[in-house]
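Mapping of the sequence shown onto this note's numbering: residues 5 to 250, in sequence order. All C-beta atoms in this analysis are idealised placements derived from N, C-alpha and C, irrespective of residue type, glycine included. Please read the structure below before turning to the comments.
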Amino acid sequence: MRSLALGLALAGLLGCSVPAPAPLNDQQAGQAARANTDLAIHYLRNDALQPASAKIDRALAQDPQLLDAHLVAAEVSTRLSRPDRAERHYRTALAIDGDNGAALNNYAAFLCQQGRPARALDLWEMAAANPLYARQAMVLTNAGDCLAQAERGDQARHYWRRALNHEPTFTPALAAMTAHSLSRGRLDSANAYFSRYTASAEQSPDLLWLGARIAKADQDAERYAYFVQRLRQAFPLSEQAVQLSE
C-alpha cells in the first residue's frame, strides 16, 4: 500500500499531461530487446516463469528478428507446457539463421524430449558439421544421450566416440562412455574411460557414484569403500548419497 500511495501522489503532482515516450529507433529497439532477453534468461535460471515470459514477449515485440529471443521464448514455452508454441519459436529461429549451432542444438533437444529422435539427430548432425560452431563435442554427446534414452545404446556409443574425437577431455562424453561400458560388462573399458573422466572433471556425486559402481563390479571392496566414503563426506545430501542410506 505504501508504494501505491506514493504512485498516486506522484501522479497528482505530475497531473494528466504526461507525454507518451518517444518511439525507439531500430538501434535502441535492438538494444532494449537484448536487455529484455538477458532479463528473461535471469528469470529462467531462477525458475520465475511468469516474469521471464513477460520479458521475452517484450523483447520480441521490440525486435522480432532477434534469434536469441526466440530461443529463450521456446524454452519458456516448453517449461510452460506449450510445445506447439515452443516449436514455432524454434522454426522461426532457424528461418532467421538456418546454420546457427545453438538453434540447431536446442531444437534438436526439444524434439528428442518430444519423442522425435530421427529429426533431432538430423539437426545435431547439421550443428556438428558447421565448422564455425565451436561446440561439436556437446551436440554429438547430446545426440548420444538422446539415443541412450531411447534404449539405443550401441548407436549412442558411436556419437559419444565422435564427441571425444573432437574433444578428448569432454567430460560428459567420457562419463557416458564409462557408464555404457559398465552396463555392457566391459570393465577394462569402463576403468579406462573412468580414468580419463577423473583426470578431466572435478569430483561430483555422479563421478563418485560411477566410481563406486565400477569398484563394486570389479569386486574391489577397498576402492568401493573409498568412493562411498567420499560421496557421504563431500555430498551428504546428494541423491546418490541418499540411495546408499536406503
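DSSP on residue i, reduced to helix/strand/coil?
i      : result
GLY34  : helix
GLY102 : coil
TYR47  : helix
TYR197 : helix
ASP67  : coil
PRO209 : helix
GLY119 : coil
GLN223 : coil
SER57  : helix
PHE231 : helix
PHE114 : helix
ARG86  : coil
LEU241 : coil
To which residues of the same chain is residue i closer than 7 Å at the C-beta, ignoring the five residues directly before and after it?
i      : result
LEU71  : ALA97, ILE100, ASP101, ASN104 and ALA107
LEU43  : LYS59
ARG62  : ASN40
LEU186 : ALA194, ARG217, ILE218 and ALA221
PRO55  : TYR47
GLN140 : ALA132 and HIS170
ARG95  : none
Just to check my reading of the structure: residue i and residue j have Cβ atoms closer than 8 Å, yes? What is that Cβ distance to the nearest angstrom?
i      : j      : result
TRP128 : ALA138 : Actually they are not in contact, since the Cβ atoms of TRP128 and ALA138 sit about 15 Å apart, beyond 8 Å.
ALA205 : LEU211 : 6 Å
LEU53  : LEU75  : LEU53 to LEU75, Cβ: 16 Å. No contact.
THR145 : PHE174 : 7 Å
ALA73  : ALA33  : The pair is not a contact, with the Cβ atoms about 12 Å apart (cut-off 8 Å).
HIS184 : ARG165 : With a Cβ gap of about 10 Å, HIS184 and ARG165 do not count as contacting.
ASN109 : VAL143 : 5 Å
LEU125 : ALA147 : 6 Å
Using a Cβ-Cβ cutoff of less than 8 Å, which residues in the same chain neighbour residue i once the five nearest sequence positions on both sides are dropped?
i      : result
THR182 : ALA194, TYR197, PHE198, TYR201, LEU214 and ILE218
Kindly list the residues whose CB is nearer than 6 Å to the CB of residue i, restricted to its own chain and excluding five residues on each side of it in sequence; keep chain order.
i      : result
PRO209 : PHE239, SER242 and GLN244
ASP67  : ALA33, GLY34 and ALA37
ALA179 : TYR201
Cβ-heavy atom distance between residue i and the ligand GDP below 7 Å?
i     : result
GLN35 : Ligands in the displayed structure: none, and consequently the ligand GDP is not present.
Worksheet item: Using 8 Å as the Cβ pair cut-off and three pairs as the minimum, do the segment 191–199 and the segment 228–246 touch?
Response: no
Practice prompt. Report yes or no: do three or more beta-carbon pairs, one from the segment 152–162 and one from the segment 132–140, lie closer than 8 Å?
Written response: no
Discussion item. Three Cβ pairs or more, each shorter than 8 Å: is that satisfied between the segment 210–228 and the segment 178–192?
Written reply: yes
Worksheet entry | Completely contained alpha helix (DSSP H) runs for the segment 121–150, where each covers 4 or more residues | 121–132
Practice prompt. Can you check the segment 152–200 for any alpha helix (DSSP H) of at least 4 residues that lies completely inside it and give the ranges in chain order?
Written response: 157–170 and 175–187
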